[in-house]
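Report on the following structure.
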Amino acid sequence: MAKVAPAYISARQRISRNIRALCSERGLSQEQLAELADFHRTYVSQLERCVTNISIDGLERLAAALRVDVVDLLIVEGR
11 MAKVAPAYIS ARQRISRNIR ALCSERGLSQ EQLAELADFH RTYVSQLERC
61 VTNISIDGLE RLAAALRVDV VDLLIVEGR
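In terms of our numbering, the sequence shown opens at residue 11 and continues consecutively.
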């Protein structure tokens, strides 16, 4: 299996952490987020566990569901 470049792993981790933090702030479960973004719950779980990639369109849907800008899903907290 091909190795994933560290920069891509880092982006996945940022997205994962930001999804978790935003859901926690809003009191949303994976299932509720999935419904709002029109994703399957297992897909949200995979995103949180850094198992899969998300498309730009998917990021837009996720951001809309969380009522944030796409950039907010990619930022590193504390910077």
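All C-beta atoms, glycine included, are put in the ideal place defined by N, C-alpha and C.
- Item | Residue from T52, A75 and E41 with nearest C-alpha to V61 | T52
- Query: alpha helix (DSSP H) containing V78: first to last residue?
  - Reply: First-last for V78: undefined, no H or E at that position.
- What three-state label does DSSP hand T52 in the structure shown? helix
- Hey, could you find the ends of the alpha helix (DSSP H) L46 is sitting in? Q40 to A47
- Message: Rounded to the nearest angstrom, what separates R71 and E58 at their Cα positions?
- Response: 15 Å
- Cα-Cα separation between S20 and V54, rounded to whole angstroms: 18 Å
- On the premise that L76 lies in contact with I25, defined as a C-beta separation below 8 Å, what is that separation, rounded to the nearest angstrom? That pair is no contact at about 11 Å.
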